[in-house]
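Working notes for the structure below.
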Amino acid sequence: MDKKKGMRQYAFNAPSNAVGGKWYPVIFRRSTGSTGELASRVIITTTSASGDYAMNNCEFNGMVMPGGWTDRGSYAAGYFSTYQSNERAIHSIVTSMKEDDVCSVFYIEGRAFPVRILAEEGLTVIVPTQDYTIDQTRYKWGATNPATESTNVQTILDFNNGRGFYCSHSIFGINAIFSGNLGIGTANALGGNSIVLGDNDTGFKQNGDGVLDAYANGVHVFRFRNGSAISLKGIQAGESKLFTLASANNSARNASFNLWGNSSRPTVAELGDDSGWHFYSQRNTDNSVIFAVNGQIQPSNWGNIDSRYVKDVRLGSQQYYGVNNWQTWNFQCPSGHVLSGINVQDTGSNSADNIAGVYYRPIQKYINGTWYNVASV
1 MDKKKGMRQY AFNAPSNAVG GKWYPVIFRR STGSTGELAS RVIITTTSAS
51 GDYAMNNCEF NGMVMPGGWT DRGSYAAGYF STYQSNERAI HSIVTSMKED
101 DVCSVFYIEG RAFPVRILAE EGLTVIVPTQ DYTIDQTRYK WGATNPATES
151 TNVQTILDFN NGRGFYCSHS IFGINAIFSG NLGIGTANAL GGNSIVLGDN
201 DTGFKQNGDG VLDAYANGVH VFRFRNGSAI SLKGIQAGES KLFTLASANN
251 SARNASFNLW GNSSRPTVAE LGDDSGWHFY SQRNTDNSVI FAVNGQIQPS
301 NWGNIDSRYV KDVRLGSQQY YGVNNWQTWN FQCPSGHVLS GINVQDTGSN
351 SADNIAGVYY RPIQKYINGT WYNVASV
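Numbering of the sequence shown is given in the UniProt record's numbering, commencing with residue 1 and proceeding in unit increments.
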């Protein structure tokens, strides 16, 4: 503990045979393990060059704590600075998962040397020229992927998201307040009191008291407020085949589809607008269902209806039933027929003999282009 008195400055050139495109360890080693020394302050800065140089100035300013397999574990936190995300000259910080609880290892790109370092007194800074091994832990020299090519190590910070503050563990606060907008994995383009997720213009934004808006690629798609959730675009359900609920935003009135019920009308699904109801489907107390329309039903194709209802009625072809005079007779029309006339002739006497016959016709109905005789009850 008495060695943590201040900072010392170092400068290191690239190790012999280092090449561009590979990552090389710069090791910050505590003088003792366990709790002999606690987390250490470190500032490491790569070479500064012209703006078009791929490995232009990168810097980490923070603290590191190697824990190995102790209960305390390893951790690190600090600010990482880089001009462009593709000018990443510091890859990551790795530590051991085994006995080594003294080494915090920064991986530097071969073209990024020389590096300048400020480290707390009590730390030893090592730039090896080959793999660096402590007990069961091996830190790969000249790695393409430091974590996977080394042995028994873990990445505690990976600077793959560009400029910003990095922390190896969760950040907690009691009644903490974050001022400004927040970008997770990217810069924030929504502004105001907003959070974006992975895409700089996709996320949530508070746009007034009790108003929370959702954006996708900068397009306002949803709004939540007290008493309502409003979709400004179509709502779709399904996967291979979609059901869409949408508004073209050009109707004269607002419309609603409402599910309601009471003791006499248990379940009613009703469509209406600002002026009243259009139609509803209702399940009754006896479990039957009715469908009601507040107006006319106008089909686009009358064929199915025309084939079912009676369009006209007429009397069919005339028929005659006659008998010889001088006898008593009676007649009943066939089923679906009516009497249409009587044949009266002069026999010289006042009797039924004057009736020589009757005329009758079928009653016919016209359905779907065909005339049919009606039936009797």
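By construction, the Cβ of each residue, glycine as well, lies at the ideal position given by its N, Cα and C atoms.
{"Check": "Report the three-state DSSP secondary structure of P362 (helix, strand or coil).", "Outcome": "strand"}
{"Check": "Identify the residues that DSSP records as bridge partners of V337: which are they?", "Outcome": "Here the sequence assigns His to residue 337, which means Val is not the residue at that position. Looking at the DSSP assignment, H337 forms a beta bridge with P362."}
{"Check": "Quick one: grab the DSSP three-state call for R116.", "Outcome": "strand"}
{"Check": "For Q327, tell me which candidate among L315, A356, V196 and N13 has the shortest Cα-Cα distance.", "Outcome": "A356"}
{"Check": "List, from N- to C-terminal side, the alpha helix (DSSP H) runs of 4 residues or more that fit wholly inside the stretch 273–336.", "Outcome": "303–306"}
{"Check": "If you reduce the DSSP assignment to three classes, tell me which class D2 lands in.", "Outcome": "Only weak support exists for where D2 lies, its pLDDT of 45 falling under 50; the value from the coordinates is given anyway. DSSP places D2 in coil when its eight states are reduced to three."}
{"Check": "Does DSSP classify E109 as helix, strand or coil?", "Outcome": "strand"}
{"Check": "Can you confirm whether the stretch 78–96 touches the stretch 50–58 when touching is taken to mean that 3 or more C-beta pairs between the two stretches lie within less than 8 Å?", "Outcome": "yes"}
{"Check": "Here's the rule: buried if 16 or more other CB atoms are within 10 angstroms of the residue's CB, otherwise exposed. What is residue 384?", "Outcome": "Residue 384 falls outside the range modelled here, since the chain spans only 1 to 377, and no answer is possible."}
{"Check": "Between the C-alpha atoms of N13 and G164, what's the straight-line distance to the nearest angstrom?", "Outcome": "26 Å"}
{"Check": "With C-beta atoms as the reference, is G162 less than 8 Å away from T267?", "Outcome": "no"}
{"Check": "Quick one: give me the first and last residue of the alpha helix (DSSP H) that E59 is part of.", "Outcome": "Counting along the chain, E59 falls outside any alpha helix (DSSP H), though it belongs to the beta strand (DSSP E) covering C58 to M65."}
{"Check": "With 16 other CB atoms within 10 Å as the buried threshold, where does K140 fall?", "Outcome": "buried"}
{"Check": "Pick helix, strand or coil for N175, following the three-state DSSP scheme.", "Outcome": "coil"}
{"Check": "How far does the beta strand (DSSP E) with A214 in it reach, from first residue to last?", "Outcome": "V211 to A216"}
{"Check": "Measuring straight from C-alpha to C-alpha, what distance separates D2 and E121?", "Outcome": "In this prediction, D2 has a pLDDT of 45, which is less than 50 and means its spatial position is unreliable; nothing more can be read from the coordinates."}
{"Check": "Would you kindly report the start and end of the unbroken alpha helix (DSSP H) that includes A147?", "Outcome": "P146 to E149"}
{"Check": "Roughly how many whole angstroms lie between the Cα atoms of G203 and L232?", "Outcome": "15 Å"}
{"Check": "In chain order, what residues of the same chain have a beta carbon less than 7 Å from the beta carbon of G322, not counting five sequence neighbours either side?", "Outcome": "N343, A356 and G357"}
{"Check": "Please confirm if the stretch 138–153 is in contact with the stretch 11–27, defined as three or more CB-CB distances below 8 Å between the two stretches.", "Outcome": "yes"}
{"Check": "Tell me the residue span of the beta strand (DSSP E) that contains S50.", "Outcome": "Counting along the chain, S50 falls outside any beta strand (DSSP E), and DSSP gives it neither H nor E."}
{"Check": "Do D201 and N217 count as a contact pair if the criterion is CB distance below 8 Å?", "Outcome": "yes"}
{"Check": "E121 by DSSP, collapsed to three states: which one?", "Outcome": "coil"}
{"Check": "Where DSSP assigns a beta bridge to L38, which residues make up the other side?", "Outcome": "L38 is not bridged to any residue."}
{"Check": "Going by DSSP, what residues sit across from M7 in a beta bridge?", "Outcome": "E120"}
{"Check": "Using the three-state DSSP reduction, which class does N86 fall into: helix, strand or coil?", "Outcome": "helix"}
{"Check": "Where S340 and I363 are concerned, what is the direct C-alpha to C-alpha distance, given to the nearest angstrom?", "Outcome": "11 Å"}
{"Check": "Beta carbon of V94, beta carbon of A147: below 8 Å?", "Outcome": "yes"}
{"Check": "Could you tell me which residues DSSP puts in a beta bridge with G357?", "Outcome": "G322 and N343"}
{"Check": "How would you call F60, buried or exposed, if buried means at least 16 neighbouring beta carbons within 10 angstroms?", "Outcome": "buried"}
{"Check": "What beta strand (DSSP E) runs, 3 residues minimum, are completely inside the stretch 185–213?", "Outcome": "193–197 and 203–206"}
{"Check": "Please report the Cβ distance between Q282 and V289, rounded to the nearest whole angstrom; I am assuming they are in contact, meaning their Cβ atoms lie under 8 Å.", "Outcome": "7 Å"}
{"Check": "Whose C-alpha, out of S228, D158, S194 and R41, is nearest the C-alpha of Y107?", "Outcome": "D158"}
{"Check": "If you follow the beta strand (DSSP E) that Q154 is in, where does it begin and where does it stop?", "Outcome": "V153 to D158"}
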